[in-house]
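Let me begin by presenting the structure, written as structure tokens, before commenting on it.
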Amino acid sequence: MILVTGASGFLGLHLLQALAQQPLPVLALYNKHVPDVSFPNVSFRQCDLLDPFAVEDCMKGITHVYHCAAIVSFDPAFKKRMIEENVAATANVANAALEAGIEKLVHVSSVAALGRVLYNGEASINEETHWEESKTNSAYAESKYLSEMEVWRAMAEGLNAVIVNPSLILGEGDWERSSAKLIQIVAKEFPWYTLGVNGWVDAKDVAAAMVLLMDSDISDERFIISCGNFSYKDIFTKMAEALNTRAPYREASPLMTEIVWRAELFKSRLANKEATITKDSARAAQAKCFYSNEKFLTAFPDFQYRSMDVTIQRMAKAFMGK
Numbered sequence: 661m662i663l664v665t666g667a668s669g670f671l672g673l674h675l676l677q678a679l680a681q682q683p684l685p686v687l688a689l690y691n692k693h694v695p696d697v698s699f700p701n702v703s704f705r706q707c708d709l710l711d712p713f714a715v716e717d718c719m720k721g722i723t724h725v726y727h728c729a730a731i732v733s734f735d736p737a738f739k740k741r742m743i744e745e746n747v748a749a750t751a752n753v754a755n756a757a758l759e760a761g762i763e764k765l766v767h768v769s770s771v772a773a774l775g776r777v778l779y780n781g782e783a784s785i786n787e788e789t790h791w792e793e794s795k796t797n798s799a800y801a802e803s804k805y806l807s808e809m810e811v812w813r814a815m816a817e818g819l820n821a822v823i824v825n826p827s828l829i830l831g832e833g834d835w836e837r838s839s840a841k842l843i844q845i846v847a848k849e850f851p852w853y854t855l856g857v858n859g860w861v862d863a864k865d866v867a868a869a870m871v872l873l874m875d876s877d878i879s880d881e882r883f884i885i886s887c888g889n890f891s892y893k894d895i896f897t898k899m900a901e902a903l904n905t906r907a908p909y910r911e912a913s914p915l916m917t918e919i920v921w922r923a924e925l926f927k928s929r930l931a932n933k934e935a936t937i938t939k940d941s942a943r944a945a946q947a948k949c950f951y952s953n954e955k956f957l958t959a960f961p962d963f964q965y966r967s968m969d970v971t972i973q974r975m976a977k978a979f980m981g982k
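Counting the sequence shown from 1 gives a position; the numbering used here is that position plus 660.
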């Protein structure tokens with residue numbers, strides 16, 4: 661039986677869709693709200709991953725685990741909670757998996773956990789890039805790095821596991837949360853863009869890569885999962901074209917970026933909402949980070965990533981039909 665944590669989350673739901681194509685039963689864990697989806701081989705169960713005894717109970721009869729659950733936020737108000745809970749939840753899952761003697765675990769980390777020391781505003785990053793303490797590391801990055809360390813620790817203790825480090829994930833989801841919210845920002849004709857570069861990938865491709873790795877003999881490894889590197893301007897322009905709205909048309913200099921994130925943070929506080937544009941996300945949007953997907957494609961040479969044009973067109977169609 662397969663266990664999926666974070667089943668109600670953005671990536672978790674896409675993974676369930678992929679796992680629904682195979683016959684094995686799936687136990688999908690959620691924290692607060694049961695997902696409004698149904699698959700014949702998937703059953704849902706509420707579980708607080710911060711409760712080690714509850715996690716151990718859910719692990720009974722499980723052979724394979726996909727650990728997707730994590731708080732994702734760049735809002736400084738969530739910093740302490742995000743770091744503490746992401747790390748504690750991962751430790752509980754890894755420990756319970758070890759105790760239960762599961763066959764394999766796939767842990768969802770992030771390219772953010774690889775760290776990025778910028779030289780003249782740029783960084784070239786692969787799986788061998790080591791984490792370094794830096795002002796450019798966000799609280800989210802720190803939480804994913806420390807969570808990943810829990811999995812490496814469990815692997816040293818005998819856990820058969822593999823780690824995926826997806827770049828920025830795009831796809832259908834809750835348009836108010838995570839990277840799915842980017843298309844809503846573009847739909848509102850947000851005027852600013854940056855020339856920063858990041859890796860981007862379709863959620864369906866991340867899910868497919870996770871299943872491939874789970875079914876392989878690969879262990880004690882991590883893999884960047886990324887379609888390619890694109891500027892924020894390019895991605896936002898593609899979104900605007902798909903939505904038939906005006907693309908961002910004002911370049912945000914580093915100074916302007918500092919002004920914009922402060923203004924947006926102030927507005928979010930007045931509205932009592934989680935901030936979307938923050939100090940961490942704004943500064944990340946200025947950096948030019950180039951991620952290599954060579955290792956995964958070497959391991960799986962027949963794998964083909966969806967183009968970002970296809971992904972964004974599908975997202976736009978879903979967003980406009982919501």
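All C-beta atoms, glycine included, are put in the ideal place defined by N, C-alpha and C. Model, not experiment: these values are computed from the prediction.
Can you look up residue i in the DSSP assignment and give me helix, strand or coil?
i      : result
Phe704 : strand
His674 : helix
Asn889 : strand
Trp812 : helix
Arg966 : coil
Arg837 : coil
Glu745 : helix
Arg943 : helix
Val715 : helix
Arg906 : coil
Val753 : helix
Val846 : helix
Val871 : helix
Glu817 : coil
Glu793 : coil
Glu918 : helix
Just grab the DSSP bridge partners of residue i for me.
i      : result
Ala923 : According to DSSP, which records beta bridges pairwise, Ala923 is partnered with nothing at all.
Val768 : Val824
Ala688 : Val664, Phe704
Gly859 : Asn889
Phe883 : Val824
Arg929 : Answer is none; Arg929 lacks a bridge partner.
Leu830 : Asp862
Glu802 : In DSSP, Glu802 forms no bridge with anything.
His724 : Ile662, Lys764
Glu911 : Tyr853
Out of the options, point me to the one whose CA is closest to residue i's CA.
i      : options                        : result
Ser876 : Ile845, Phe956, Leu673         : Phe956
Asn820 : Glu763, Met870, Asp865         : Glu763
Met916 : Ala945, Glu849, Lys848, Phe896 : Ala945
Pro700 : Ala680, Val768, Tyr690         : Ala680
Phe963 : Thr936, Ser886, Ala902         : Ser886
Ser984 : Ser952, Ala907, Gly856         : Examination of residue 984 is not possible in this model, given that the chain is present from 661 through 982 alone.
Ala756 : Ser769, Val715, Tyr726, Thr723 : Val715
Ile843 : Asp894, Met874, Val822, Ala816 : Asp894
Asp865 : Leu671, Met661, Gly666, Thr665 : Leu671
His790 : Arg882, Met975, Glu911         : Arg882
Gly761 : Met815, Ala749, Glu788         : Met815
Val747 : Asp735, Val861, Asp717, Pro712 : Pro712
Thr723 : Val697, Arg910, Tyr909, Val766 : Val766
May I have the straight-line CA-CA distance separating residue i from residue j, to the nearest angstrom?
i      : j      : result
Val920 : Arg943 : 11 Å
Ser967 : Gln706 : 35 Å
Pro695 : Lys739 : 26 Å
Glu934 : Ala678 : 30 Å
Leu676 : Lys720 : 20 Å
Leu663 : Val871 : 13 Å
Lys977 : Ala737 : 33 Å
Arg813 : Glu782 : 31 Å
Ala799 : Arg741 : 10 Å
Cys949 : Phe896 : 17 Å
Asn904 : Leu830 : 19 Å
Glu849 : Ala754 : 43 Å
Ala730 : Val824 : 14 Å
Ile972 : Trp860 : 11 Å
Ser839 : Glu787 : 23 Å
Met661 : Glu745 : 26 Å
Classify residue i: buried if its beta carbon has 16 or more other beta carbons within 10 angstroms, exposed otherwise.
i      : result
Ser668 : buried
Gly981 : exposed
Asp940 : buried
Ser703 : exposed
Leu684 : exposed
Ser784 : exposed
Arg635 : Outside the shown range of the chain (661 to 982) lies residue 635, about which nothing can therefore be said.
Phe926 : exposed
Gly818 : exposed
Pro826 : buried
Tyr624 : Here the chain comprises residues numbered 661 to 982, so residue 624 is not present and cannot be evaluated.
Val970 : exposed
Thr938 : buried
Glu808 : buried
Asp735 : buried
Lys795 : exposed
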